[in-house]
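Trainee:
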Amino acid sequence: MIHIREMKKDEAELIRQIDRSEEIESVYLMRGDQLIQEQAGHETPGWSEAEQNQMISRFREVLEHGGHAYGAFDGVVLAGFGLLAADWRGKDHDHLQVDLMYVSRNYRRRAIGRRLMGCLKREAVSRGARYLYISSTETQSAVHFYQSSGSRLAEYRDPDLYELEPLDIHMTIELAQPVQGRLYDLVPMTRSYAEAIGTWIYPPPYSMYTIGSGAEELAEMLTGDYRAALDRSGELIGYICTGSAARVPGGYSRGLYHDDWLDLGLGLRPDLTGMGWGTGYVEEAVVYAMSGGPRKGLQLAVAAFNERAIQTYERSGFRYVEEFMSRGPAGDIPFVHMRRRV
1 MIHIREMKKD
11 EAELIRQIDR
21 SEEIESVYLM
31 RGDQLIQEQA
41 GHETPGWSEA
51 EQNQMISRFR
61 EVLEHGGHAY
71 GAFDGVVLAG
81 FGLLAADWRG
91 KDHDHLQVDL
101 MYVSRNYRRR
111 AIGRRLMGCL
121 KREAVSRGAR
131 YLYISSTETQ
141 SAVHFYQSSG
151 SRLAEYRDPD
161 LYELEPLDIH
171 MTIELAQPVQ
181 GRLYDLVPMT
191 RSYAEAIGTW
201 IYPPPYSMYT
211 IGSGAEELAE
221 MLTGDYRAAL
231 DRSGELIGYI
241 CTGSAARVPG
251 GYSRGLYHDD
261 WLDLGLGLRP
271 DLTGMGWGTG
281 YVEEAVVYAM
291 SGGPRKGLQL
301 AVAAFNERAI
311 QTYERSGFRY
321 VEEFMSRGPA
331 GDIPFVHMRR
341 RV
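For the sequence shown, the UniProt record's numbering gives the first residue as 1, with consecutive numbering after it.
1. Alpha carbons only, please: which of Ile112, Tyr102, Ala289, Gly66 is nearest the one belonging to Leu96?
2. Between Leu268 and Ile237, what straight-line distance do the alpha-carbon atoms span, to the nearest angstrom?
3. Shortest alpha-carbon distance to Ala196 belongs to which of Leu218, Pro203, Leu186?
4. Decide if Arg109 is buried, meaning its Cβ has at least 16 other Cβ atoms within 10 Å, or exposed.
5. Buried or exposed for Leu167, going by 16 or more other Cβ atoms inside 10 Å?
6. Quick one: is Lys121 buried, meaning 16 or more other Cβ sit within 10 Å of its Cβ, or exposed?
7. Mapping the DSSP letters down to three states, classify Gln180 as helix, strand or coil.
8. Alpha carbon to alpha carbon, what distance is there between Ser326 and Glu334?
9. For Val342, report the span of its alpha helix (DSSP H) as first-last.
10. What's the gap between the Cα of Glu314 and the Cα of Glu165?
11. Locate the alpha helix (DSSP H) running through Arg295, then write down its first and last residues.
12. Hey, how far is the Cα of residue 349 from the Cα of Phe324?
13. Do you know how far the Cα of Leu222 is from the Cα of Gln299?
14. In whole angstroms, what is the alpha-carbon distance linking Ala142 and Glu43?
15. Going by beta carbon distance, what residues of the same chain come within less than 6 Å of Ile240, once the five residues before and after it are set aside?
16. With the cut-off set at 8 Å, would you say Ala72 and Ile2 are in Cβ contact?
17. Reducing DSSP to helix, strand and coil, say where Glu11 ends up.
18. Going by beta carbon distance, what residues of the same chain come within less than 7 Å of Ala12, once the five residues before and after it are set aside?
19. Quick check on the DSSP output: the beta strand (DSSP E) that includes Pro188 runs from which residue to which?
20. How about Leu175 and Tyr146: are their beta carbons less than 8 Å apart?
21. Considering only residues of the same chain and omitting the five flanking positions on each side of Asp260, which have a CB-CB separation below 8 Å?
22. Given Gly82, which residues of its chain have a CB within under 6 Å of its CB, disregarding the five upstream and five downstream residues?
23. CA-CA distance, Met290 and Arg157?
24. Ignore the nearest five residues each way along the sequence and tell me which others in Glu64's own chain have a CB closer than 8 Å to its CB.
25. Use the C-beta contact count for Glu322: other C-beta atoms within 10 angstroms, 16 or more gives buried, fewer gives exposed.
26. Of the residues Gly75, Trp88, Tyr288, Glu138, which one's Cα is nearest the Cα of Gln37?
27. Distance, Cα to Cα, Gln311 vs Gly317?
28. Taking DSSP's pairing of strands, which residues face Phe81 in a bridge?
29. Cα-Cα, which of Trp88, Gly118, Asn53, His337 is closest to Gly255?
30. Quick check: Asp94 and Ala40, are their CB atoms within less than 8 Å of each other?
31. Can you give the Cα-Cα distance for Val248 and Tyr184, rounded to whole angstroms?
32. Once DSSP output is grouped into helix, strand and coil, what is the label at Ser148?
33. Please report how far the alpha carbon of Arg16 lies from the alpha carbon of Ser244, in whole angstroms.
34. Who are the Cβ neighbours of Ala79 in its own chain at under 7 Å, not counting the five residues just before and after it?
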């Protein structure tokens, strides 16, 4: 299981474990304001010792100047890392730069980069940033990754970074801004709310959480087991479900479902995930769910790969009970059964 945590300056030498090598199918070039793709077809090797030393020095320097780093660990092995610089950029000095982002070759396509990016986004928001600035290498894989993370071509190219890397693709990501002291209202699900939720598309590997907008899916959300979650401005930001709507098929054969435990399920709008809003949202859901009468507590099932959600539930007092298999869109997958006593 991959564990994401903060990295310290004295861990810089672990960067030597990263395998940067990659087969480059195509690259992107800027022609004026247009992004042009060209075929490449070559192999980029791993870092030389000199390049490793340069990366390690850069990592340490950024942290010494107030930056922040997160690492993805497979046991003691560093599988990937992301580095956020502390210097303010942009015309309004409201951008923070993703200075480095790498995932080892054998660990790619496992959502590690997306999880690291989520950590950097949360850190940037906590520092008051409105945007991330990215000076991306021109490879197809790098550009596509940042685009899938919400980036677009920078309207204003940072002059210092552009002078340093004129061939890079300069991009920005607008950061969702949580409201201070955010409170949530859980209101009856309406057809308009259900239709909006049906349009939400979660990226891989979270695509199993996409509900869909078919007649059957809409009907399920209107059974009375679902509540819409609104922020203080009345904006739809998620939903919760209780009872049978929150159960997964494999839990029945494991005998997990009892009347003295209330089953709880939660969904957060895709563009708000990974932004640090989860704990407060879960707490609001817990308060609502437990208002319905005496129970031993709450229980939920979460896909075992969804470590981000598991950590959020743990911070909200849920504890691991067991793992079990249940049917998913692509076959049986492991789920984690968690409970919180009242």
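Yeah, the Cβ is synthetic: ideal placement off N, Cα and C, and Gly gets one too. Since this is a predicted model, take the numbers as computed values, not measurements.
Mentor: The short version:
1. Gly66
2. 6 Å
3. Leu218
4. exposed
5. exposed
6. buried
7. Caution is warranted here: a pLDDT of 48 is assigned to Gln180, below 50, making its placement in the model unreliable, and no coordinate value can be reported.
8. The sequence as given places Pro at residue 334; Glu does not occur at that position. Going from the Cα of Pro334 to the Cα of Ser326 covers about 6 Å.
9. Taken as a continuous stretch (DSSP letters only), Val342 belongs to no alpha helix (DSSP H), as it is neither H nor E.
10. 42 Å
11. Neither: Arg295 is in no alpha helix (DSSP H) and is coded neither H nor E.
12. In the structure as shown, the chain starts at 1 and stops at 342, and residue 349 therefore has no counterpart that could be examined.
13. 22 Å
14. 15 Å
15. Arg227, Leu266, Ala285
16. yes
17. helix
18. Ile56, Phe59, Arg60
19. 185 to 188
20. no
21. Arg295, Lys296
22. Tyr70, Met101, Leu116, Leu120
23. 51 Å
24. Lys9
25. exposed
26. Glu138
27. 10 Å
28. Gly71, Tyr102
29. His337
30. no
31. 26 Å
32. helix
33. 49 Å
34. Ile2, Ala72, Phe73, Val103, Ser104, Tyr107, Ile112
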